[in-house]
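Q: Input: one structure, supplied below.
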Amino acid sequence: MSTLLASALDIHAWLSADNETPDTERIQRDRQIGAALDTADDVERVLAWWETVDTATSDLGRRTVGVTRWISAGLGAAGLIVGSTTAGVALAYDGEYPVNLLALLGVCVALPGVLLLITLVMCAARGSGWTSLARGLSVLNLNRVVVGLWQRLTGIHVVGGGWDRVLHWQLVVFSQWFAIAFFVGLLATLLVLVAVTDLAFGWSTTLNLDARWIADVLSALAWPWSGIVPTAVPDLALVELSRYYRLEDQAVVDASRLGAWWPFVALCILVWGLLPRIGFAGIAQHRRRAAECSYLREHPEVTALLHRLAQPAAGFAEETAAAAGETDAEVSWNAAPQTSGACIVWDDAGHVEGAVRTSSAMDSASRTLAIADLPAGDVRVLTKGYEPPMLAFHDFLTELRERIGQEGAIVVMPLGLDGGPASSADLDIWRQSLAALRDMRLYVSGEER
Amino acid sequence: MSASFAVVGHPNKGKSSIVATLAEDEGIAIGARPGTTRDANRYAFEVDGEVLYTLIDTPGFQRAAEVYRWLTEHEADASQRSDLVAQFVEHHADNPRFHDEVALLSPIVAGAGMLYVVDGAKPYGPEYEVEMQILRWTGQPRMALINLIGSGDYVEQWRSALDQYFSIVRVFDAMHADFANRISLLRAFGELRDDWSEDMVRAVGALETERQRRRGHAAAAVAGSLVDCLVMKEQQRIQNQPSEDLRERLEARLRRRLESREQQTRRQVQSIYRHERLVLDDAGAQILGMELFTEEGWDLFGLSRTQLLITGAMTGALAGLGVDALVGGASLLLGAGIGALVGGAGAWFGGDELANTRVLGDPLGGKTLQVGPVRAENFPWVLLGRAWVHHHLVSERNHAHREALSADLAAAQNVMDGLDDNLRKRLATLFKQVANGGVSGELEAHVETVLRQVPGGDPEIL
Numbered sequence: 000m001s002t003l004l005a006s007a008l009d010i011h012a013w014l015s016a017d018n019e020t021p022d023t024e025r026i027q028r029d030r031q032i033g034a035a036l037d038t039a040d041d042v043e044r045v046l047a048w049w050e051t052v053d054t055a056t057s058d059l060g061r062r063t064v065g066v067t068r069w070i071s072a073g074l075g076a077a078g079l080i081v082g083s084t085t086a087g088v089a090l091a092y093d094g095e096y097p098v099n100l101l102a103l104l105g106v107c108v109a110l111p112g113v114l115l116l117i118t119l120v121m122c123a124a125r126g127s128g129w130t131s132l133a134r135g136l137s138v139l140n141l142n143r144v145v146v147g148l149w150q151r152l153t154g155i156h157v158v159g160g161g162w163d164r165v166l167h168w169q170l171v172v173f174s175q176w177f178a179i180a181f182f183v184g185l186l187a188t189l190l191v192l193v194a195v196t197d198l199a200f201g202w203s204t205t206l207n208l209d210a211r212w213i214a215d216v217l218s219a220l221a222w223p224w225s226g227i228v229p230t231a232v233p234d235l236a237l238v239e240l241s242r243y244y245r246l247e248d249q250a251v252v253d254a255s256r257l258g259a260w261w262p263f264v265a266l267c268i269l270v271w272g273l274l275p276r277i278g279f280a281g282i283a284q285h286r287r288r289a290a291e292c293s294y295l296r297e298h299p300e301v302t303a304l305l306h307r308l309a310q311p312a313a314g315f316a317e318e319t320a321a322a323a324g325e326t327d328a329e330v331s332w333n334a335a336p337q338t339s340g341a342c343i344v345w346d347d348a349g350h351v352e353g354a355v356r357t358s359s360a361m362d363s364a365s366r367t368l369a370i371a372d373l374p375a376g377d378v379r380v381l382t383k384g385y386e387p388p389m390l391a392f393h394d395f396l397t398e399l400r401e402r403i404g405q406e407g408a409i410v411v412m413p414l415g416l417d418g419g420p421a422s423s424a425d426l427d428i429w430r431q432s433l434a435a436l437r438d439m440r441l442y443v444s445g446e447e448r
Numbered sequence: 000m001s002a003s004f005a006v007v008g009h010p011n012k013g014k015s016s017i018v019a020t021l022a023e024d025e026g027i028a029i030g031a032r033p034g035t036t037r038d039a040n041r042y043a044f045e046v047d048g049e050v051l052y053t054l055i056d057t058p059g060f061q062r063a064a065e066v067y068r069w070l071t072e073h074e075a076d077a078s079q080r081s082d083l084v085a086q087f088v089e090h091h092a093d094n095p096r097f098h099d100e101v102a103l104l105s106p107i108v109a110g111a112g113m114l115y116v117v118d119g120a121k122p123y124g125p126e127y128e129v130e131m132q133i134l135r136w137t138g139q140p141r142m143a144l145i146n147l148i149g150s151g152d153y154v155e156q157w158r159s160a161l162d163q164y165f166s167i168v169r170v171f172d173a174m175h176a177d178f179a180n181r182i183s184l185l186r187a188f189g190e191l192r193d194d195w196s197e198d199m200v201r202a203v204g205a206l207e208t209e210r211q212r213r214r215g216h217a218a219a220a221v222a223g224s225l226v227d228c229l230v231m232k233e234q235q236r237i238q239n240q241p242s243e244d245l246r247e248r249l250e251a252r253l254r255r256r257l258e259s260r261e262q263q264t265r266r267q268v269q270s271i272y273r274h275e276r277l278v279l280d281d282a283g284a285q286i287l288g289m290e291l292f293t294e295e296g297w298d299l300f301g302l303s304r305t306q307l308l309i310t311g312a313m314t315g316a317l318a319g320l321g322v323d324a325l326v327g328g329a330s331l332l333l334g335a336g337i338g339a340l341v342g343g344a345g346a347w348f349g350g351d352e353l354a355n356t357r358v359l360g361d362p363l364g365g366k367t368l369q370v371g372p373v374r375a376e377n378f379p380w381v382l383l384g385r386a387w388v389h390h391h392l393v394s395e396r397n398h399a400h401r402e403a404l405s406a407d408l409a410a411a412q413n414v415m416d417g418l419d420d421n422l423r424k425r426l427a428t429l430f431k432q433v434a435n436g437g438v439s440g441e442l443e444a445h446v447e448t449v450l451r452q453v454p455g456g457d458p459e460i461l
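Okay, here's the thing in C-alpha cells:
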C-alpha cells in the first residue's frame, strides 16, 4: 500500500490544527520551504513540504499503513485457503466419474467472472454519477465488511472531501487482492493434483448440447493461447471422447486422453480468472492513488498551502515597536481660580486686546523677551486646544514661572475651533501633558475666557 | 539601496495611523496624547526576504524652533544646509532635549524620503512653517499627506501652504483608506525619486498579488468550513432503542461543534487579513454573534423561501435536461419539467428540516445513533451569508482602526440577494455534492466569487 493516504490523513489533520497559527508565520515557514522545492507537481510539492515540517505528532497515518498491510495479508491468506478449498472440492475425483469440466469452469471461471462484471458495473456507475446504483451494488461485495473493519481499526473518522471515492477504491483493491489470492490457490491446487494424482476430465450436461458446439465454445475460450500452446486447445475428437452419462457404463477407451484436459483448465483459470484480476487490481491501485491524490489536494487547507509554497512572501518584517494603545494615569487637577491677570496668546489661539503674543515658532530667547515686561501675579495663557501641547510649550511655561514667580497662578485655557473652551477630550490631553511639569500653581481651565 | 520613507510631522497628526494602515500592523501604538511614539520604528516591506521599501514611524517635532535657530546660527550658505542638518543630528545625538528631533531627522539624513503629515480637519497655523523649513533644508525628496482626523475641512488652506514646500501633496484619510487608496499612495511614493520607482512598482504588484492570495485563502477557509459543516454529524453506539434525551444531547453537541467550527474560520480569516486582535462591538455582535440556528439569522443570512424554490427548481431542471439530452430530445423536455418540479418541491418542503436522526446498522454488528448532517436546504446559504458579512467587514477594515468591529443593520436585507442566479445554481449543486461526500475543489473558487461581491446593488447589510 502506498503511504500517500497515510500522509494525506496526517497532513489534513496537521494543517487543520495549524490554521490557528498566525497567517504571517505560516507564510514565512511555507514559502521558505516552497522556494527550495524543484518539482511542479502539486502532490509531490505537498509531500516534500510534509517531509520538512513533519513533527510526527500523529500516528493515524502509521496505523493506517499497518492495518492496511495486516488486512491485505489476511485477505491474501483467506483467498489462498478459499481458492485451494474450492479447487479441492471442484477437482474431487474418486475414479468413478471424471471431473465435470462444465461445473469446474462454472465455479472457477464463470462465477468469479460475474462477480468481476458486477464490480466493473459498480465502478462505471460511480464514475457516471449513479452513486445510488454503485452503493446498491457494493452491498453485494462482502469486502465492504472488511472496509468497515479497516476504518474501525485505523480509527479514521473522515467524511466528505472525496473520502467516499477513496473508500470505494479501497474496497475494489481489497476485492481484487482477495480474488488474486483465490486464483493463485486454485491454480496451485490444480497443479499439485495434476502432479500427484491421475485426474480425468470430462463433460456432462442434462441439456441436449452438440459436442461440436461445445468444442467451438471451448476453442473460443482457448483462443488467447491457441497460437502459443496449441496442445492446450481441445479438439472435437477429445470433446466427443470426453462426454459421459452417469447412467451409462463407463467404457474408458483411453484414460490418459481424459487427463490431457488439464493444460486447458489451467490456462482457462490463468487467462480468464487470474490475469483479468491482476490487470484490474493494477487499475484499481492506480485509481485509488488518484483518489488519494485528489483527497489530499482537494482539501481547502492544502489549496492554501500550495499558494503559500508558490507565491513570494510579501509583507512587513517584524518590528519591535511599542505596545499598542496607552494607559493614561489618572490626573487630578484643582479648579482654576478666577483671574483677571495678564493674558498671553500662544500660537495665535485667539484675539485679546492688550495680550502678549508668542508662539512655538519662536525660540526661547525671543519668547523670554516677549514676556520680559509681565508683572508678577496670575497669568492666563490662551492656546489652541485642538493642537497637542508640545515640549516647546512646556519650556515656555517653565520660563513663564521663572518670570512671574512661584506665587502667581498660571491658567492655561485651551480653546476650541469656535473660540470657546476646548472639548473635554482635548482638555484631558492638555491636563495629561502638563501634569509632567509638576507645577502646583499651574491650572488647565475649561471655562469661558 | 531600497527606498525608505520617514513619516514625520507635528505630534498627533496621525503619523502612526498612516504607518499602521500602510504596514497593516494593528500592533503599532496609536494614542491621543502627544509623544506616544518616542523612537523611530522601522517597518520593512519584503518580498521573499528582499526589502523593497521601508516605512519609518518617527516622533513628532517638539522643539522645532530651537532646531531651526541652531541651523540658522550655523549656516554659512545655502549649499551646506543638508550637511548642517546632519551636523545637528550628530551634535545632539545624546542630548535628551532634542531626542525626538534627532530620532525624526536621523533617517532623513541617512537618505530617507519624507512624508510630512498634517491634519486637514484642523486649520493651518504659521507655527508649522518652521517644521517645513527644517525639512526643506534636508534636501531629501518629500511629500505632504493631508490626513483627516475629525469633521473639519481645511484641506484647501493646507494645500496652499504645503504646495510651497512639497512637490507632491495628497489627501490620505489614514483611518478610512481602502486598499485602492493605499496602492495609489504607494505609487506616488515611487514618483519622489526615479531610482525608487521600480521597487515601488514591484511593491505595488506584490501587494496586489498578496491581496488576491488573502481572498483566495479566506475562500479556502470558508469553503473548508462549509465542507466540514455540511457533513458534520454526531454518532454514538447504542445497545437498545435510542432515548429522546440521548438524541437531544447529540443534537446539542452537533450545534456546538458547528458554531465552534465557524468561530475557528473567523479567527483564520482575521489572521489572513492581519486582524488577530479584532473584537466585535455591540452592533457587530448583534449580527455576527447571532447564534447559528435562529430564525432571525436564517432570514437575514440565508435564501428566502422563494429563492430556495427557484434555485431548487433550476438545479432540478438542469439534471432533468441531462436526461432529455440522453434521449435526444424525444422526451419533449419532460425530464427538465419533472426535474424542476422535484427540485422545487424538495427545496420548498425540505427547507426547514434540520439535522435528521438515524439508527444505523453496523456491518460488523451493533447499532449506532447518528444525528446529522444538517440537511436543511438553507443551512449552507446561512453559513455562507454569515461568512460573507464577516469577511467583508474584516477585509475592508483599516489597521489604524482600533475600535471594535461594527456592522450597521439599519438597512439589512437578505445578504444573499445580490448573488447571480447562475452562481447560486452552481453553488446549490456543489452544496449537494459536498453533502454527499463529493470533492470540493470547485467550491472554493465559487466561494471566492461570493466573497468578492461588494455591497451596493448587492447585499445591503453594510
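These protein sequence lines are chains A and B, in that order.
Numbering that gives the first Met the number 0 puts the first residue of the first sequence at 0, with every later residue one more than the last.
Numbering that gives the first Met the number 0 puts the first residue of the second sequence at 0, with every later residue one more than the last.
Where a beta carbon is used, it is the ideal one built from N, C-alpha and C, also for glycine.
Nothing here was measured: the structure is a model prediction, and the numbers come from that model.
1. Count the CB pairs spanning the stretch 290-306 of chain B and the stretch 45-54 of chain B that are closer than 8 Å, and state whether there are at least three.
2. Do the stretch 158-166 of chain B and the stretch 86-101 of chain B make contact, defined as three or more Cβ pairs closer than 8 Å?
3. In this structure, how does DSSP classify Tyr42(B) when only helix, strand and coil are distinguished?
4. Could you pull the DSSP bridge partners for Tyr243(A) from this structure?
5. On the DSSP letters alone, give me the boundaries of the beta strand (DSSP E) that Val373(B) sits inside.
6. Nearest to Leu192(A) by alpha carbon, out of Ala348(A), Leu237(A), Cys122(A) and Val88(A)?
7. Does the separation of the CB atoms of Thr36(B) and Lys12(B) fall below 8 Å?
8. What would DSSP say about Leu116(A), mapped onto helix, strand or coil?
9. So, at 6 Å on beta carbons, what are the nonlocal neighbours of Phe392(A) in its own chain, with the 5 sequence-adjacent residues on each side left out?
10. Under 8 Å, with one C-beta from each stretch per pair, do the stretch 213-230 of chain B and the stretch 297-309 of chain A reach the 3-pair mark?
11. Using the Cα positions of Gly26(B) and Cys342(A), report the straight-line distance between them to the nearest angstrom.
12. Tell me Val116(B)'s beta-bridge partners as DSSP assigns them.
13. Quick one: residues in its chain with C-beta nearer than 8 Å to the C-beta of Tyr153(B), no 5 flanking neighbours on either side, listed in chain order?
14. Between which residues of its own chain and Glu325(A) is the CB-CB distance below 6 Å, once the five residues before and five after are set aside?
15. Under the rule that 16 or more other beta-carbon atoms within 10 Å means buried, what is Gln175(A), buried or exposed?
16. Tell me, please, which residues DSSP counts as bridged to Leu266(A).
17. In chain A, what lies closer than 7 Å to Arg212(B) by C-beta?
18. In terms of residue numbering, what span does the beta strand (DSSP E) encompassing Leu54(B) cover?
19. Comparing alpha-carbon positions, which option in Ala444(B), Arg396(B) and Leu418(B) lies nearest Arg181(B)?
20. From the DSSP output, in three-state form, read off Ser1(B) for me.
21. Any C-beta of chain B sitting closer than 8 Å to the C-beta of Phe315(A)?
22. Look at the alpha carbon of Val165(A) and the alpha carbon of Glu250(B), and state the distance between them as a whole number of angstroms.
23. Answer with yes or no whether the minimum CB distance from Ala16(A) to chain B is below 8 Å.
24. Return the bridge partner residues of Met412(A) from the DSSP annotation.
25. Can you tell me the Cβ-Cβ gap for Thr465(B) and Ala22(B), rounded? I've got them flagged as a contact below 8 Å.
26. Does the distance from the C-beta atom of Ala2(B) to that of Met199(B) stay below 8 Å?
27. The stretch 252-264 of chain B: which residues have C-beta closer than 8 Å to a C-beta of chain A, in chain order?
28. Taking the C-alpha atoms as reference points, what is the distance between Asp234(A) and Gly281(A)?
29. Just how far apart, CA to CA, sit Thr38(A) and Leu308(A)?
30. Considering Ala442(A), what are the terminal residues of the beta strand (DSSP E) in which it resides?
31. How would you label Pro140(B), buried or exposed, when you count the other beta carbons within 10 angstroms and need 16 or more for buried?
32. Contact check, Thr2(A) vs Ser83(A) under 8 Å by CB: the rounded distance?
33. Counting C-beta neighbours from all protein chains within 10 Å, is the total for Pro388(A) 16 or more, i.e. buried, or is it exposed?
34. What are the start and end residues of each continuous alpha helix (DSSP H) run of 4 or more residues lying completely inside the stretch 63-98 of chain B, in chain order?
35. Please state if the CB of Leu383(B) and the CB of Leu500(B) are separated by a distance shorter than 8 Å.
36. Give the interface partners of Ser358(A) over in chain B, defined as CB-CB distance under 9 Å, in chain order.
A: The short version:
1. Using a C-beta cut-off of 8 Å, the stretch 290-306 of chain B makes no contact with the stretch 45-54 of chain B, since fewer than three inter-stretch Cβ pairs fall below that distance.
2. Flag = no, the stretch 158-166 of chain B and the stretch 86-101 of chain B do not touch.
3. Strand at Tyr42(B).
4. None; Tyr243(A) has no bridge partner.
5. Val373(B) -> beta strand (DSSP E) spans Lys366 to Val373.
6. The option with the nearest alpha carbon to Leu192(A) is Val88(A).
7. Taking 8 Å as the cut-off, the Cβ atoms of Thr36(B) and Lys12(B) do not count as close.
8. Leu116(A): helix per DSSP, three-state reduction.
9. Here the set comprises nothing.
10. Because the criterion of three Cβ pairs below 8 Å is met, the stretch 213-230 of chain B and the stretch 297-309 of chain A touch.
11. Each residue's alpha carbon lies about 43 Å from the other.
12. Paired residue(s): Gly8(B) and Leu144(B).
13. Short of 8 Å from the beta carbon of Tyr153(B), and not among the five residues preceding or following it, lie these beta carbons of its own chain, in chain order: Gly119, Ala120, Lys121, Pro122 and Tyr123.
14. Below a pLDDT of 50, predicted positions are generally treated as unreliable, and Glu325(A), at 48, falls in that range; no measurement from the model is reported.
15. Sixteen is the threshold: when 16 or more other Cβ atoms of the shown chains lie within 10 Å of the Cβ of Gln175(A), as they do, the residue is buried.
16. For Leu266(A), DSSP records no beta bridge to any residue.
17. Correct list: His306 and Gln310.
18. Run containing Leu54(B): Glu49 to Asp56, per the beta strand (DSSP E) assignment.
19. The shortest C-alpha separation from Arg181(B) is found at Arg396(B).
20. Here DSSP, grouped into helix, strand and coil, assigns Ser1(B) to coil.
21. Output row for Phe315(A): interface = yes.
22. Computed Cα separation, rounded: 29 Å.
23. Residue-level contact by beta carbon fails for Ala16(A) and chain B, as no gap is shorter than 8 Å.
24. For Met412(A), which the question treats as bridged, DSSP gives the partners Leu381(A).
25. As shown, chain B starts at 0 and ends at 461. That puts residue 465(B) outside it, with no answer to give.
26. The criterion of a C-beta distance shorter than 8 Å is satisfied by Ala2(B) and Met199(B).
27. Contacts with chain A (Cβ-Cβ distance below 8 Å) from the stretch 252-264 of chain B involve Gln263, listed in chain order.
28. A direct Cα-Cα distance of roughly 35 Å separates Asp234(A) from Gly281(A).
29. Taking the straight line joining both Cα atoms gives about 11 Å.
30. As written in the sequence, residue 442(A) is Tyr, which differs from the Ala given in the question. Residue range Leu441 to Val443 is occupied by the beta strand (DSSP E) that includes Tyr442(A).
31. For Pro140(B), the number of other beta carbons within 10 angstroms of its own is at least 16, and it is reported as buried.
32. Actually they do not touch by this definition, with Cβ atoms about 32 Å apart.
33. Around the beta carbon of Pro388(A), 16 or more other beta carbons lie within 10 angstroms, which makes this residue buried.
34. The stretch 63-98 of chain B is shown to contain whole alpha helix (DSSP H) runs of 4 or more residues at 63-73 and 80-90, in chain order.
35. Summary: the structure shown does not reach residue 500(B), with chain B confined to residues 0 through 461, and so no result is reported for it.
36. Those within 9 Å of Ser358(A) in chain B are Ala64, Gly124, Pro125 and Glu126.
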